[in-house]
Amino acid sequence: MTEHDVAMTCATCQSSIDRCEFCEESVCRSPICYHCVAEALGEALAHPHTHGG
Amino acid sequence: MFDYEDGKLDWLAAGLPSEGTNAQRPRAGDVARKDVPTCRLDERLGDVMDRTREAGWDACVVLNEERVVFGLLRSKELEASPDLRIEEAMRPGPSTFRPFVSIEEMAAFMMEHDLESSPITTSDGRLVGLLRREDAAKAASELHEREHHSNGGRT
Amino acid sequence: MPRPIDRHEVRRLVDGGAQLVDVLPANEYEEDHLPGAINMPLRRLEKEARSALDPGRPVVVYCSDSA
């Protein structure tokens with residue numbers, strides 16, 4: 012097994028990721044996926060407004 | 155009647171002014187250093203490293219003509235062979251964060267992930283500045299102090 | 113039907129006297145809103161628009177994003 016075979020899991024949603032999307036490292040003590048980091052930092056829309064516009 | 159479809163997040167992501175209770179709290183875009191050294195893809199690492207160190211920095215942001223972030227040279231990348239071209243030496247496509255992100259959240263994440271600096275960009279990828287971990291931690295701690303005092307010491 | 117515009121056009125229209133209407137819930141408006149915007153959550157928009165807005169000036173509405 013090489014270092015490229017190491018599987019990472021998002022510490023928040025447990026999805027499988029290649030690297031931590033916050034620090035961009037493939038070795039991280041609390042890896043996080045793109046979706047979860049965006050949500051944690053308020054970059055994703057927390058409460059969708061469904062009004063079609 | 156007009157519909158600003160991209161809405162408030164687009165406005166804040168562009169670093170434009172806002173009003174409201176959050177406007178008084180520092181955000182990533184307010185604390186990010188606007189004087190961070192920048193360079194182009196076709197420059198030589200040795201020249202960029204000299205310029206960066208002379209300016210007292212240990213990081214340099216790689217931009218194109220439109221100031222869109224292409225890469226980042228943190229201390230580790232700056233120490234590579236001086237003959238490399240920037241595009242060979244840089245960390246390409248670094249994670250970037252928007253100017254409206256709360257400084258407390260950024261500071262907590264940067265400490266937890268031991269990340270020395272993060273480029274802050276607008277939604278179209280243009281550089282706002284470089285947020286350094288120590289600046290984020292200091293601003294978050296000052297904000298905490300200020301709010302603690304304004305609450306009369308209550309937590 | 114409202115015409116979609118981008119932030120550059122928002123700035124141009126507001127500089128020319130347009131009225132900005134934030135249709136988000138009041139708590140989100142209180143946290144952050146565009147300079148000079150008034151808050152009129154969607155459920156109140158139809159009822160209050162006539163009395164709160166000047167019909168002689170353009171109106172720009174916005175929410176959080178296009179989602």
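Chains as they are written, first to last, in the numbering used here: chain A, 12 to 64; chain B, 155 to 309; chain C, 113 to 179.
Glycine included, C-beta positions come from ideal geometry on N, C-alpha and C.
Practice item. Could you tell me if Arg-115 of chain C is buried or exposed, where buried requires 16 or more neighbouring beta carbons within 10 angstroms of its beta carbon? Key: Residue 115 of chain C sits at position 3 when you count from the first residue of the third sequence. Arg-115 of chain C is exposed by the Cβ-count criterion.
Point to revise | 7 Å Cβ shell around Leu-238 of chain B - same chain, five flanking residues per side excluded | key: Start at 1 with the first residue of the second sequence, and residue 238 of chain B comes out as number 84. Cβ neighbours of Leu-238 of chain B beyond the five flanking positions: Leu-199.
Exercise for review: Could you list which residues in chain C have their beta carbon closer than 7 Å to that of Leu-226 of chain B, in chain order?
Suggested key: As a position in the second sequence, residue 226 of chain B is number 72, starting the count at 1. Those within 7 Å of Leu-226 of chain B in chain C number zero; the least Cβ separation is about 27 Å.
**Study point:** Cβ shell of Asp-166 of chain C (< 8 Å), same chain only, five flanking positions each side left out
**Key:** Along the third sequence, one-based indexing puts residue 166 of chain C at 54. Gln-131.
Practice item. Measure the C-alpha to C-alpha separation of Glu-241 of chain B and Ala-22 of chain A and round it to an integer number of angstroms. Key: Start at 1 with the first residue of the second sequence, and residue 241 of chain B comes out as number 87. Start at 1 with the first residue of the first sequence, and residue 22 of chain A comes out as number 11. Straight-line Cα distance between these residues: approximately 32 Å.
Check your understanding: For Asp-196 of chain B, which of B:Ile-274, B:Arg-280, B:Gly-225 has the nearest alpha-carbon?
Key -> The residue you call residue 196 of chain B lines up with position 42 of the second sequence. Minimum Cα distance to Asp-196 of chain B is reached at B:Gly-225.
Practice item. Taking Arg-124 of chain C as the query, report the chain B residues whose CB atoms sit under 8 Å from its CB, ordered along the chain. Key: To locate residue 124 of chain C, count along the third sequence from 1; it is residue 12. Within 8 Å Cβ-Cβ: nothing; Arg-124 of chain C doesn't reach chain B, min ~11 Å.
**Study point:** Neighbouring residues, chain B, relative to Tyr-119 of chain C (Cβ below 9 Å)
**Key:** Translated into positions along the third sequence, residue 119 of chain C becomes position 7. It is Arg, not Tyr, that sits at residue 119 of chain C in the sequence shown. The answer, in chain order, is Tyr-158, Asp-160, Asp-164, Trp-165, Ala-168, Leu-170.
Review point. With 9 Å set as the bound, which would you pick, yes or no: does the beta-carbon of Phe-251 of chain B sit closer than that to a beta-carbon of chain C?
Key: Mapped onto the second sequence, residue 251 of chain B falls at position 97. Output row for Phe-251 of chain B: interface = no.
Exercise for review: Starting from the N-terminal side, write out each stretch of the beta strand (DSSP E) that is 3 residues or longer and does not extend beyond the region 219–268 of chain B.
Suggested key: 223–227
Practice item. Enumerate in chain order the residues of its own chain whose CB-to-CB distance from Ala-149 of chain C is below 7 Å, with the five nearest sequence positions on each side excluded. Key: Counted from its first residue, the third sequence places residue 149 of chain C at position 37. Hits under 7 Å: Leu-132, Val-133, Asp-134.
Exercise for review: Could you tell me which of C:Leu-157, C:Arg-162, C:Pro-153, C:Met-113 sits nearest to Leu-136 of chain C, measuring between CA atoms?
Suggested key: Position 24 of the third sequence, counted from the first residue, corresponds to residue 136 of chain C. Of the listed residues, the one whose Cα sits closest to Leu-136 of chain C is C:Pro-153.
Review point. Shorter than 9 Å from the beta carbon of Ser-256 of chain B to some beta carbon of chain A?
Key: Indexing the second sequence from 1 puts residue 256 of chain B at position 102. Answer yes: the Cβ-Cβ gap between Ser-256 of chain B and chain A drops below 9 Å somewhere.
Review point. Hey, is Asn-176 of chain B's beta-carbon within less than 9 Å of any beta-carbon in chain C?
Key: The residue you call residue 176 of chain B lines up with position 22 of the second sequence. Cβ-Cβ to chain C under 9 Å: yes for Asn-176 of chain B.
Review point. Does DSSP put Val-216 of chain B in a helix, a strand or coil?
Key: Counting from one through the second sequence, the residue named residue 216 of chain B turns up at place 62. Three-state result, Val-216 of chain B: strand.
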